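Using this note's numbering, read the sequence shown as starting at 920 and increasing by one per residue.
Worksheet: the structure to be examined is printed underneath.
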Amino acid sequence: MKIIESSQNMQSLALELKSLKQKLILVPTMGALHEGHLALVDQAKQLGDKVVLSVFVNPTQFGAGEDFEKYPRPLEKDQELAQARGVDYFFVPKASEVYPAGDQTVVMVTELSRGLCGAFRPGHFRGVATVVTKLFLICQPHAAVFGEKDYQQLQVIKRLAQDLHFPIKIIGVPTLREKDGLALSSRNAYLNTLQRQIALKLPQSLQWAVRAVQQGEQESRVIKEKIIQDLQDPQIKIDYIEVVDSETLEPLPKIKAQARLLAAIRVGETRLIDNLPLKL
Ligand code: PAF
């Protein structure tokens, strides 16, 4: 596995691979790799000839008071995991490589970024869209792979790729979960034992909703009210529970095909998100 720190070297390599008709597949991450990220690598390996995994804790997608400083950065372990999983290029740029001195350019996907997490994390998706655009231009991939756990992010990036005419396939990979159902996330490491137990209420209530819809429930209001009730706990603060159209992310009062349930809660200081499709 080749380690690349410079954006210029990464871009030259990407252009060379392109001229050789080699398909490079990008897996963008912020590091603290877990099985969920490694499943993205497995998918990437199916899609092309070479895999580049980027590790960059992007400062512009963190708001004031969020966890940018304390975000885990186990770089050596990440490197080992990436290598063991067959990553070809480990792109680990410094902030000054991604945001050169005097940088003034941002990318915004307006409507899709507004609600859900966007309403609770102002500027977050602008930071994501900007860094992903930069990574696309630096790495020139044939395809890029993202987890469905960050479902709004995935829709924002699909829109961005379409709107900016990037010839890049955007591939979503279903969420990987612990045995007990908790979605894998680098932020799970912040939870203490009790909070880890309490956090399980989130996947459990989403799974309840999936069953309720299968058994005929069609009112989003009923689903949301029951989940809010089930999530009552002194350690939980609900940011949102929403049933939305899976592409436009518009709220759906009635469940229809293409409905998706998205939720964000805080357990103590830790923000957790999760989502599942609701199939009639
Ligand atoms: O999902 C993430 O890890 C990040 O938001 C991403 C896509 C790597 C952009 O920083």
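Even glycine gets a Cβ: it sits at the ideal position worked out from N, Cα and C.
Note that the structure is a prediction, hence the values are computed from the model and not measured.
Does the beta carbon of residue i fall short of 7 Å from some heavy atom of the ligand PAF?
i	result
Asn977	yes
Pro991	no
Met949	yes
Gln1072	yes
Val1026	no
Val971	no
Pro1022	The amino acid at residue 1022 is misidentified as Pro; the sequence shows Asp. Checking the Cβ of Asp1022 against the ligand PAF gives no.
Asp1069	yes
Phe1065	yes
Gln980	yes
Val1006	no
Val1047	yes
Val1050	yes
Alpha carbon to alpha carbon, how far is residue j from residue i? Give it in angstroms, no decimals.
i	j	result
Val970	Arg1185	34 Å
Leu1083	Gly1091	19 Å
Leu1125	Leu939	46 Å
Gly1005	Leu952	14 Å
Val1011	Gln1151	41 Å
Ala958	Thr1094	9 Å
Leu1181	Lys1120	14 Å
Gln1114	Leu1171	31 Å
Glu1067	Ser1104	12 Å
Pro991	Thr1167	32 Å
Gly984	Tyr1109	16 Å
Pro1122	Lys1143	14 Å
Lys942	Leu1079	21 Å
Asn1111	Thr1189	10 Å
Ile1087	Ala1062	5 Å
Gln962	Asp968	12 Å
Ile1147	Gln1081	36 Å
Arg1096	Ala1102	4 Å
Val1162	Asn1107	24 Å
Phe1039	Tyr1159	9 Å
Leu1191	Pro1153	16 Å
Ala1176	Glu995	44 Å
Ser1015	Leu1056	16 Å
Rounded to whole angstroms, how far is the Cβ of residue i from the Cβ of residue j, which I believe are closer than 8 Å?
i	j	result
Ile1117	Ile1155	6 Å
Ser973	Thr948	6 Å
Gln1002	Met920	4 Å
Val1141	Leu1197	That pair is no contact at about 12 Å.
Val1165	Ala1178	The sequence given here places Ser at residue 1165; Val does not occur at that position. Contact holds; Cβ gap of about 7 Å.
Ile1076	Gln1137	No, Ile1076 and Gln1137 are not in contact; Cβ-Cβ is about 30 Å, not under 8 Å.
Ile922	Phe1009	5 Å
Val876	Val1064	Because the chain here runs from 920 to 1199, residue 876 falls outside it and cannot be looked at.
Asp1007	Gly950	17 Å between Cβ atoms; not a contact.
Ile944	Pro1041	Not confirmed; about 32 Å, so no contact.
Practice task
Taking 8 Å as the threshold, find out whether the region 1031-1045 comes into contact with the region 925-935 through three or more Cβ pairs.
Solution key: no
Exercise for the section: Decide if the region 1042-1062 is in contact with the region 977-984; the criterion is three or more beta carbon pairs, one per stretch, under 8 Å apart. Expected result: Contact between the region 1042-1062 and the region 977-984 is present: three or more C-beta pairs spanning the two stretches fall below 8 Å.
Exercise for the section: Inspect the CB distances between the region 1015-1032 and the region 1049-1058 and report whether three or more fall short of 8 Å. Expected result: With the cut-off at 8 Å, the region 1015-1032 and the region 1049-1058 touch.
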